[in-house]
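Undergrad: Structure in structure tokens, see below.
Number of protein chains: 2
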Amino acid sequence: MKILVVDDEELIRKVIREYLENSSYEVEEACDGEEAIECIKKKNIDLMILDIMMPKKDGYETLKELKNIRSLPVIALSARKEEYDKLLGFELGVDDYLTKPFSPRELMARVKAVLRRNKEMNYYIRKDFVLDFKGHSLKIEEEEVKLTPKEYELLVYFIQNEHIALSREQLLNKVWGYDFYGDDRTIDTHIKMLRNNLGKYRDWIITVRGMGYKFESEE
Amino acid sequence: MKILVVDDEELIRKVIREYLENSSYEVEEACDGEEAIECIKKKNIDLMILDIMMPKKDGYETLKELKNIRSLPVIALSARKEEYDKLLGFELGVDDYLTKPFSPRELMARVKAVLRRNKEMNYYIRKDFVLDFKGHSLKIEEEEVKLTPKEYELLVYFIQNEHIALSREQLLNKVWGYDFYGDDRTIDTHIKMLRNNLGKYRDWIITVRGMGYKFESEE
DNA sequence: AAAAAATTTAACAAAATTTTCACATGATTA
DNA sequence: TAATCATGTGAAAATTTTGTTAAATTTTTT
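What follows is the structure, encoded as structure tokens:
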């Protein structure tokens, strides 16, 4: 589980990181909304802890922009209690809320609760791209996209390893199984077919020359 | 348990969602009757919390239309207390009723009560497809469809897991029991027979290649 | 116990998927 | 720029999976 901590105060980030890492979460840091969005685009974040009052790009703007990118559980932090209604009212997708100062213990409890609620990742959603893990189905623009079993498995593996370049060998081992003794290039053919099926999102599968492929949803 | 919250006020939906999710219900939202009907057609909703006064399609119309689609427990919300008799009088299948403003705590109590009362789902109704769980019978176009015991159990399990792809192994374990040591392909034969019996709805049983089968009623 | 119904198995047909391979295309380097 | 190397692509061949039928077996009913 990877958690992104967004706060302009270095000390706060440090303390939160400390606690999260003690509970063996992975931690990324960002000191403003700008950086946060960058990070979310590049890494697979499972939860964001977001300070509302920040310079540059504040919490509200960050949440608004986030909505155009992907869905992500968020715990908001703020110094003023009155913000609460505003956060809920604006429908900015905040899962929980804490006012500063808060006890780290309390934060940890919220983190666990939110992650528990969102645990069963049933969907991978980016824009109008919806992969339904339970239903083994992919929809793009509301339309069902027919994938063969290998294409589906390949896509799932890519998504589980977003942003990471995967060698052909690794793909064969993980998707085909260690006991596959066929040709490397088999993968290329499947990549081709998968790309065709992804339609307008075909270039989310990126060729890493001399190495393999990687999956990345945005630019 | 998935609960659909229908209200035109964003803030109300948010607050209700908050409370429901804290009690670990799944929540869907709709801001008018139109959307609500759409949602009910597409997802497996177990309970609807419905505001009576809404623009576009109000609560009454929504309830009327709902009756043609399927049975579903409903808790109604309204600002005026006098509505209560009307709601019951029109026999629109409202299970409980709350006047605004109400305390979330009160709502939660009603939700739990209604779900407890309706726990034993008696019918699964889609168009003229009517599965009667109590009577162990299936009717299509008013005609009784004769199912063998295995076919019936298989169908029930599919319906309880609508939209979810089920492996042959899982089906064997759940429908046949953990102590069945026969052939995988037994399922295929039963699927064939079940499909034949479903007649014009035969393709609600969808083949998930390389994996198993899933059940999905509408398009 | 016989008959009927339901379930399971096995075999084959049909359909879909996977793999291979040859060649095209595009990138990189000398 | 030519040579080289890695990847893209199309189509046939090989394989796998599913659909279907019919016969064998088990269970239930009469």
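Protein sequences appear in the order of chains D and L.
Counting the first sequence from 1 gives a position; our numbering is that position plus 65.
Counting the second sequence from 1 gives a position; our numbering is that position plus 65.
Heads up, the beta-carbon is just placed ideally off N, CA and C, and yes, glycines get one too.
Please state the DSSP three-state secondary structure of E156 of chain D.
TA: Within the first sequence, the letter at position 91 stands for residue 156 of chain D. Residue confidence for E156 of chain D is low, a pLDDT of 49 falling below 50, so the modelled location carries little weight; the figure read from the coordinates is stated next. Reduced to three states, the DSSP call for E156 of chain D is coil.
Undergrad: What does a CB cutoff of less than 6 Å around K204 of chain L pick up in its chain, not counting 5 residues either side in sequence?
TA: As a working mapping, residue 204 of chain L is identified with position 139 in the second sequence. For K204 of chain L, where only same-chain residues beyond five positions count, the Cβ hits under 6 Å are V195.
Undergrad: Spell out the partners DSSP gives F296 of chain D in its beta bridges.
TA: The shown model of chain D, from 66 to 284, leaves out residue 296 of chain D, and the question about it has no answer.
Undergrad: Assess contact between the segment 119-133 of chain D and the segment 84-98 of chain D, defined as three or more Cβ pairs (one per stretch) separated by less than 8 Å. Is contact present?
TA: yes
Undergrad: Would H228 of chain L pass as an interface residue toward chain D - the criterion being a Cβ-Cβ separation below 8 Å?
TA: Residue mapping note: residue 228 of chain L aligns to position 163 of the second sequence, counting from 1. Output row for H228 of chain L: interface = yes.
Undergrad: Express the C-alpha separation of L128 of chain D and I134 of chain D in angstroms, rounding to a whole number.
TA: Along the first sequence, one-based indexing puts residue 134 of chain D at 69. Along the first sequence, one-based indexing puts residue 128 of chain D at 63. Cα to Cα, I134 of chain D sits roughly 10 Å from L128 of chain D.
Undergrad: To the nearest angstrom, how far is it from the Cα of L115 of chain L to the Cα of P169 of chain L?
TA: As a position in the second sequence, residue 115 of chain L is number 50, starting the count at 1. As a position in the second sequence, residue 169 of chain L is number 104, starting the count at 1. Taking the straight line from one Cα to the other gives about 14 Å.
Undergrad: Could you check where the alpha helix (DSSP H) with R191 of chain L kicks off and where it finishes?
TA: The sequence position of residue 191 of chain L within the second sequence is 126, counting from 1. Looking at the DSSP string, R191 of chain L is not in any alpha helix (DSSP H); the run it does join, the beta strand (DSSP E), is 188-191.
Undergrad: Are there 16 or more other CB atoms within 10 angstroms of the CB of G154 of chain L, so buried, or fewer, so exposed?
TA: Position 89 of the second sequence, counted from the first residue, corresponds to residue 154 of chain L. Its pLDDT being 44, under 50, G154 of chain L is placed unreliably in this model, and the value from its coordinates should be taken loosely. G154 of chain L is exposed by the Cβ-count criterion.
Undergrad: Return the bridge partner residues of E99 of chain D from the DSSP annotation.
TA: Within the first sequence, residue 99 of chain D is the residue found at index 34, counting from 1. In DSSP, E99 of chain D forms no bridge with anything.
Undergrad: Give the secondary structure of F223 of chain D by DSSP, where H, G and I count as helix, E and B as strand, and everything else as coil.
TA: Here residue 223 of chain D refers to the residue found at position 158 of the first sequence. Three-state DSSP puts F223 of chain D in a helix.
Undergrad: Which residue wins for smallest C-alpha separation from N109 of chain L, given the options L:E91, L:Y125, L:G124?
TA: On the second sequence, residue 109 of chain L is found 44 positions in, with the first residue counted as 1. N109 of chain L has its Cα closest to that of L:E91, out of L:E91, L:Y125, L:G124.
Undergrad: Measure the Cβ-Cβ separation of L180 of chain L and M258 of chain L and say whether it is below 8 Å.
TA: One-based indexing of the second sequence puts residue 180 of chain L at position 115. One-based indexing of the second sequence puts residue 258 of chain L at position 193. It is not a contact, given that the beta carbons lie outside the stated cut-off.
Undergrad: Between the segment 205-212 of chain D and the segment 259-277 of chain D, do at least 3 Cβ pairs fall closer than 8 Å?
TA: yes
Undergrad: Below 8 Å on the Cβ atoms is my guess for L231 of chain D versus H255 of chain D; work out the distance and round it to an integer in Å.
TA: Translated into positions along the first sequence, residue 231 of chain D becomes position 166. Translated into positions along the first sequence, residue 255 of chain D becomes position 190. With a Cβ gap of about 13 Å, L231 of chain D and H255 of chain D do not count as contacting.
Undergrad: I want to verify the contact list: residues of chain D whose CB lies under 8 Å from the CB of M276 of chain L, in sequence order.
TA: What you label residue 276 of chain L is simply residue 211 of the second sequence in a count that begins at 1. Ordered by position in chain D, the residues that pass the 8 Å Cβ test against M276 of chain L are H201, P214.
Undergrad: Would you grab the beta carbon distance between D160 of chain L and I140 of chain L for me? Rounded to a whole angstrom, and I think it's under 8 Å.
TA: Here the question's residue 160 of chain L lines up with position 95 in the second sequence. Here the question's residue 140 of chain L lines up with position 75 in the second sequence. Yes, D160 of chain L and I140 of chain L are in contact; Cβ-Cβ is about 6 Å, under 8 Å.
Undergrad: With distances taken Cα to Cα, identify the nearest neighbour of M173 of chain D among D:I270, D:E83, D:K279, D:E216.
TA: Counting from one through the first sequence, the residue named residue 173 of chain D turns up at place 108. Among D:I270, D:E83, D:K279, D:E216, the Cα nearest to that of M173 of chain D is on D:E83.
Undergrad: Tell me the start and end of each unbroken beta strand (DSSP E) in the segment 195-247 of chain L that is at least 3 residues and wholly inside, in chain order.
TA: Uninterrupted beta strand (DSSP E) stretches at least 3 residues long and entirely within the segment 195-247 of chain L occur at 202-205, 208-210, given in chain order.
Undergrad: Compare the C-beta of K279 of chain L with all C-beta atoms of chain D and state if any pair is closer than 8 Å.
TA: Within the second sequence, the letter at position 214 stands for residue 279 of chain L. It does; some Cβ of chain D falls within 8 Å.
Undergrad: Count the other CB atoms within 10 Å of the CB of S88 of chain D; is the residue buried (16 or more) or exposed (fewer)?
TA: As a first step, residue 88 of chain D must be located in the first sequence, where it is residue number 23. Label assigned to S88 of chain D: exposed.
Undergrad: Can you tell me whether DSSP reads A141 of chain L as helix, strand or coil?
TA: As a first step, residue 141 of chain L is located in the second sequence; it is residue number 76 there, counting from the start. In the structure shown, A141 of chain L sits in a strand (DSSP, three-state: E or B).
Undergrad: Measure the C-alpha to C-alpha separation of D244 of chain D and N238 of chain D and round it to an integer number of angstroms.
TA: What you label residue 244 of chain D is simply residue 179 of the first sequence in a count that begins at 1. What you label residue 238 of chain D is simply residue 173 of the first sequence in a count that begins at 1. Going from the Cα of D244 of chain D to the Cα of N238 of chain D covers about 8 Å.
Undergrad: Kindly say whether V273 of chain L, judged by its beta-carbon, lies nearer than 8 Å to any beta-carbon of chain D.
TA: Start at 1 with the first residue of the second sequence, and residue 273 of chain L comes out as number 208. It does; some Cβ of chain D falls within 8 Å.
Undergrad: Hey, could you find the ends of the alpha helix (DSSP H) K132 of chain D is sitting in?
TA: To locate residue 132 of chain D, count along the first sequence from 1; it is residue 67. Taken as a continuous stretch (DSSP letters only), the alpha helix (DSSP H) holding K132 of chain D covers 124-132.
Undergrad: State yes or no: is the C-beta of I224 of chain D within less than 8 Å of the C-beta of Y266 of chain D?
TA: What you label residue 224 of chain D is simply residue 159 of the first sequence in a count that begins at 1. What you label residue 266 of chain D is simply residue 201 of the first sequence in a count that begins at 1. No, the pair does not count as a contact, with Cβ atoms beyond the cut-off.
Undergrad: Considering only C-alpha positions, which residue in the set L:G247, L:V240, L:K279 is nearest to F198 of chain D?
TA: Counting from one through the first sequence, the residue named residue 198 of chain D turns up at place 133. Taking each of L:G247, L:V240, L:K279 in turn and checking the Cα distance to F198 of chain D, the smallest one comes out for L:K279.
Undergrad: Alpha carbon to alpha carbon, what distance is there between Y125 of chain L and L137 of chain L?
TA: For the purposes of this step, residue 137 of chain L is taken as residue 72 along the second sequence, with counting starting at 1. For the purposes of this step, residue 125 of chain L is taken as residue 60 along the second sequence, with counting starting at 1. Using only the alpha carbons, I get a separation of about 15 Å.
Undergrad: Are any of the Cβ atoms in chain L nearer than 8 Å to that of E156 of chain D?
TA: Taking the first sequence and counting its residues from 1, one reaches residue 156 of chain D at position 91. For E156 of chain D, the pLDDT reaches just 49, beneath the cut-off of 50, and the residue's location in the model is therefore unreliable, although a value from the coordinates is still provided. Taking Cβ atoms only, chain L reaches closer than 8 Å to E156 of chain D, which makes this a yes.
Undergrad: Under the rule that 16 or more other beta-carbon atoms within 10 Å means buried, what is V273 of chain D, buried or exposed?
TA: Start at 1 with the first residue of the first sequence, and residue 273 of chain D comes out as number 208. V273 of chain D comes out exposed.
Undergrad: By alpha-carbon positions, which one of D:I102, D:E234, D:H201 ends up nearest to I271 of chain L?
TA: Mapped onto the second sequence, residue 271 of chain L falls at position 206. Minimum Cα distance to I271 of chain L is reached at D:H201.
Undergrad: Can you grab the Cα-Cα spacing for the pair N226 of chain L / I252 of chain L, in whole Å?
TA: Numbered from 1 along the second sequence, position 161 holds the residue referred to as residue 226 of chain L. Numbered from 1 along the second sequence, position 187 holds the residue referred to as residue 252 of chain L. Each residue's alpha carbon lies about 17 Å from the other.
Undergrad: Distance, Cα to Cα, L236 of chain D vs E216 of chain D?
TA: The residue given as residue 236 of chain D occupies position 171 in the first sequence. The residue given as residue 216 of chain D occupies position 151 in the first sequence. If you take the alpha carbons of L236 of chain D and E216 of chain D, they lie about 12 Å apart.
Undergrad: Nearest-angstrom Cα distance between E156 of chain D and E283 of chain L?
TA: The count along the first sequence starts at 1 and reaches residue 156 of chain D at position 91. The count along the second sequence starts at 1 and reaches residue 283 of chain L at position 218. Per-residue confidence for E156 of chain D stands at a pLDDT of 49, beneath the threshold of 50, marking its modelled position as unreliable; the derived number appears in the next sentence. Note on geometry: alpha-carbon atoms of E156 of chain D and E283 of chain L lie some 30 Å from one another.
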